[in-house]
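Trainee: Residue numbers (our numbering): 98 to 497.
Think of the CB as a built atom: it goes at the ideal place given N, C-alpha and C, for glycine as much as any other residue.
Just so we're clear, the structure is a prediction, and the values are computed from it rather than from any experiment.
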């Protein structure tokens with residue numbers, strides 16, 4: 098919901114959200130928000146996604162729709178658009194409430210749409226920790242992410258009615274499995290059951306089949322009316338990714354409006370990549386879901402793609418012995434996904450990463466997306482900027 102609102106331009110990741118008494122009084126798990134304080138939406142999203150912070154979830158709902166009740170109504174409209182026909186939301190955080198219900202199948206479907214509909218945000222769910230503005234938060238799903246090969250998300254939960262729950266996603270080679278377990282008696286038993294289902298899924302996943310993406314849902318029933326403008330009056334709206342500053346090697350890239358051009362360009366390139374690099378494209382197998390094949394999309398690569406190619410840093414020979422540091426922007430299940438993140442990051446941070454070497458490193462746990470050949474100062478500066486844009490980033494120290 099928050100991702101959709103940001104993409105629609107209803108609210109910005111940098112919008113300062115005023116915390117209500119209701120949001121501040123939500124029970125744990127919580128971030129610790131105080132009534133009256135203001136905090137950026139990006140931090141609320143991190144807290145809700147990574148820590149399962151109930152106060153942050155309520156604050157997000159109120160910021161987008163004006164009240165939690167209105168947000169729940171929008172959640173239900175969205176659920177119907179996604180095909181979640183056995184789900185009814187009564188609140189933003191998911192705690193037990195009369196009439197609030199869902200199924201493992203519907204949550205699996207939701208997880209699948211998050212992966213496909215908002216790939217630029219998906220890596221948020223694989224972060225072990227994140228800066229949530231007022232404190233550093235730790236992922237509630239750390240154990241499974243660390244112990245199950247290929248795991249890269251998505252979301253845990255717990256209520257007295259549903260027990261310990263988890264919608265999990267993992268990718269191995271060209272297969273991705275998404276599964277949901279409700280009713281776990283403990284974190285350990287829940288994780289074991291999820292692992293069993295994952296193992297079964299990977300064992301039975303067909304090979305050499307075409308990629309079947311879910312249809313983009315019809316959000317036309319979601320009312321985007323004038324109250325959003327009234328509510329957000331005075332708020333400074335910012336692009337998801339700011340324009341690069343002109344400088345060396347950035348003349349062509351600087352002419353692109355990154356607020357919308359970057360995603361358009363990426364989508365065009367990735368369509369071409371999927372058609373020519375099938376070995377790097379993960380296949381999705383969802384045993385419990387009967388999904389029709391998506392329409393085949395074909396597109397010629399226009400001049401915008403030429404702009405993107407300028408950012409595809411293939412090699413770098415540096416004579417500066419001090420430029421041996423690097424930047425890691427995440428671990429992914431496929432080389433394709435890692436390369437996509439490198440392209441997006443290169444476009445977003447040409448001023449700092451424009452002279453670096455872009456490299457995908459294969460490890461036992463997945464594909465690392467790295468930039469090499471920068472100074473320590475540049476690496477730290479790039480990570481600060483990327484972290485502010487909600488992109489995971491770690492400095493690579495040459496000394497280990």
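1) Let me know if residue 463 comes out buried or exposed under the rule of 16 or more other beta-carbons within 10 Å of its beta-carbon.
2) First and last residue of the alpha helix (DSSP H) that includes residue 111?
3) What are the residues that DSSP puts in a beta bridge with residue 226?
4) Pull up the DSSP beta-bridge partners for residue 491, would you.
5) Is the CB-CB distance between residue 291 and residue 304 below 8 Å?
6) Compare the C-alpha of residue 211 against each of 432, 294, 252 and 191 and name the closest.
7) Name, in chain order, the residues that DSSP records as bridge partners for residue 457.
8) Would DSSP call residue 471 helix, strand or coil?
9) Is the distance from the Cβ of residue 262 to the Cβ of residue 255 below 8 Å?
10) Could you pull out every unbroken beta strand (DSSP E) segment of at least 3 residues lying fully inside the region 128-203, listed in chain order?
11) Is it the case that the Cβ atoms of residue 128 and residue 113 are separated by a distance below 8 Å?
12) Out of 136, 424, 478 and 431, point me to the one whose CA is closest to residue 454's CA.
13) Just how far apart, CA to CA, sit residue 242 and residue 164?
14) Identify, in the order they occur along the chain, each residue of the same chain with its Cβ nearer than 7 Å to the Cβ of residue 213, setting aside the five sequence neighbours on each side.
15) State the DSSP-derived secondary structure class of residue 262, mapped to helix, strand or coil.
16) Return the Cβ separation of residue 133 and residue 115 in integer angstroms, given the expectation that the two are a contact with Cβ distance under 8 Å.
17) Buried or exposed for residue 233, going by 16 or more other Cβ atoms inside 10 Å?
18) With residue 441 and residue 217 assumed to form a contact (beta carbons below 8 Å), what rounded beta-carbon distance in angstroms separates them?
19) What residue range does the alpha helix (DSSP H) around residue 287 cover?
20) Should residue 221 and residue 156 be called a contact, given that it needs their Cβ atoms to be closer than 8 Å?
21) Just confirm the distance between the C-beta atoms of residue 248 and residue 280, as a whole number of angstroms; I'd bet it's less than 8 Å.
Mentor: Taking the geometry as given:
1) For the purposes of this step, residue 463 is identified with residue 366 of the chain shown, where counting begins at 1. With 16 or more Cβ atoms within 10 Å of its Cβ, residue 463 is classed as buried.
2) Within the chain shown, residue 111 is the residue found at index 14, counting from 1. Careful: residue 111 lies outside any alpha helix (DSSP H) and carries neither H nor E.
3) As a first step, residue 226 must be located in the chain shown, where it is residue number 129. According to DSSP, residue 226 bridges with 235.
4) Here residue 491 is taken as the residue at index 394 of the chain shown, counted from 1. Paired residues: 425.
5) Taking the chain shown and counting its residues from 1, one reaches residue 291 at position 194. Taking the chain shown and counting its residues from 1, one reaches residue 304 at position 207. No. Outside cutoff.
6) Here residue 211 refers to the residue found at position 114 when the chain shown is read from its first residue. Closest by alpha carbon: 252.
7) As a working mapping, residue 457 is identified with position 360 in the chain shown. Residue 457 pairs with 466.
8) Numbered from its first residue, the chain shown carries residue 471 at position 374. In this structure, residue 471 counts as strand in the three-state DSSP scheme.
9) Counting from 1 along the chain shown, the entry for residue 262 is found at position 165. Counting from 1 along the chain shown, the entry for residue 255 is found at position 158. In this structure, residue 255 lies closer than 8 Å to residue 262 by Cβ.
10) 135-137
11) Stepping through the chain shown from its first residue, residue 128 is reached at position 31. Stepping through the chain shown from its first residue, residue 113 is reached at position 16. No, they are not a contact pair.
12) As a first step, residue 454 must be located in the chain shown, where it is residue number 357. The shortest Cα separation from residue 454 among 136, 424, 478 and 431 belongs to 424.
13) Counting from one through the chain shown, the residue named residue 242 turns up at place 145. Counting from one through the chain shown, the residue named residue 164 turns up at place 67. The straight-line gap from Cα to Cα measures roughly 34 Å.
14) What you label residue 213 is simply residue 116 of the chain shown in a count that begins at 1. Closer than 7 Å at the Cβ level, and outside the excluded window around residue 213, lie 310 and 311.
15) Within the chain shown, the letter at position 165 stands for residue 262. Note: residue 262 maps to strand in three-state DSSP.
16) The count along the chain shown starts at 1 and reaches residue 133 at position 36. The count along the chain shown starts at 1 and reaches residue 115 at position 18. Their Cβ separation, rounded to whole angstroms, is 7 Å, which keeps residue 133 and residue 115 in contact under 8 Å.
17) If you number the chain shown from 1, residue 233 lands on position 136. Exposed, because fewer than 16 other Cβ atoms sit within 10 Å of the Cβ of residue 233.
18) The sequence position of residue 441 within the chain shown is 344, counting from 1. The sequence position of residue 217 within the chain shown is 120, counting from 1. Residue 441 to residue 217, Cβ: 7 Å. Contact.
19) Taking the first residue of the chain shown as 1, we reach residue 287 at position 190. Run containing residue 287: 284-301, per the alpha helix (DSSP H) assignment.
20) Working through the chain shown from its first residue, we reach residue 221 at position 124. Working through the chain shown from its first residue, we reach residue 156 at position 59. Cβ distance not < 8 Å, so residue 221 and residue 156 don't count as in contact.
21) Taking the first residue of the chain shown as position 1, residue 248 is located at position 151. Taking the first residue of the chain shown as position 1, residue 280 is located at position 183. That belief does not hold up - the Cβ atoms of residue 248 and residue 280 are roughly 20 Å apart, past 8 Å.
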